[in-house]
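Engineer: Submitted below is the structure of interest, expressed as structure tokens.
Numbering (the UniProt record's numbering), first residue to last: 1 to 105.
In structure tokens:
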């Protein structure tokens, strides 16, 4: 299951996490964001031992969106050991999401 993240817990949930972290920057009004949500849940369940999936609502957390230069959503960013290491933009397939995760494990 994906964790909802905001500026108050971003550091502890993402930057200080020992696992690989996939952060989904999304918005309630974003159709493609809603499309990939079930794929992210599937990914979170499949890789639960090695991966944490988090969601950041850009409308409620503008400072995080600005800090990570989010210009299009959904924006999927991989963090490893507190560092941003990879990303994808758009309503990508489950296969593309799995590739994003496995190439960074």
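We treat Cβ as the ideally placed atom computed from N, Cα and C, and that holds for glycine.
The structure presented is a predicted model; accordingly, all values stated were derived computationally and were not measured.
Measuring only the C-alpha atoms, how far is residue 89 from residue 74?
Structural biologist: If you number the chain shown from 1, residue 89 lands on position 89. If you number the chain shown from 1, residue 74 lands on position 74. For residue 89 and residue 74, the distance between alpha carbons rounds to 6 Å.
Engineer: What residues are listed by DSSP as bridge partners for residue 52?
Structural biologist: To locate residue 52, count along the chain shown from 1; it is residue 52. DSSP, once it has assigned bridges, lists 21 as partnering residue 52.
Engineer: Thinking C-beta only, is residue 82 closer than 7 Å to residue 20?
Structural biologist: Residue numbering aside, residue 20 sits at position 20 when the chain shown is read from its first letter. Residue numbering aside, residue 82 sits at position 82 when the chain shown is read from its first letter. No, Cβ-Cβ distance for residue 20 and residue 82 is not below 7 Å.
Engineer: Shorter than 6 Å, the distance from the beta carbon of residue 55 to the closest heavy atom of the ligand NAD, or not?
Structural biologist: This structure lacks the ligand NAD; in fact it carries no ligand of any kind.
Engineer: Here's a check: name, in chain order, each residue in its chain whose Cβ is nearer than 8 Å to the Cβ of residue 13, leaving out the five neighbours to either side.
Structural biologist: Start at 1 with the first residue of the chain shown, and residue 13 comes out as number 13. So the list reads 3, 5, 21, 52, 54, once near-sequence residues are dropped.
Engineer: What would DSSP say about residue 75, mapped onto helix, strand or coil?
Structural biologist: For the purposes of this step, residue 75 is identified with residue 75 of the chain shown, where counting begins at 1. Correct three-state label for residue 75: strand.
Engineer: How far does the beta strand (DSSP E) with residue 3 in it extend, from its first residue to its last?
Structural biologist: Taking the first residue of the chain shown as position 1, residue 3 is located at position 3. That run of the beta strand (DSSP E) goes 3 to 5.
Engineer: Where do the ends of the alpha helix (DSSP H) carrying residue 95 lie?
Structural biologist: Reading the chain shown from its first residue, position 95 is the one you call residue 95. Counting along the chain, the alpha helix (DSSP H) containing residue 95 begins and ends at 94 to 102.
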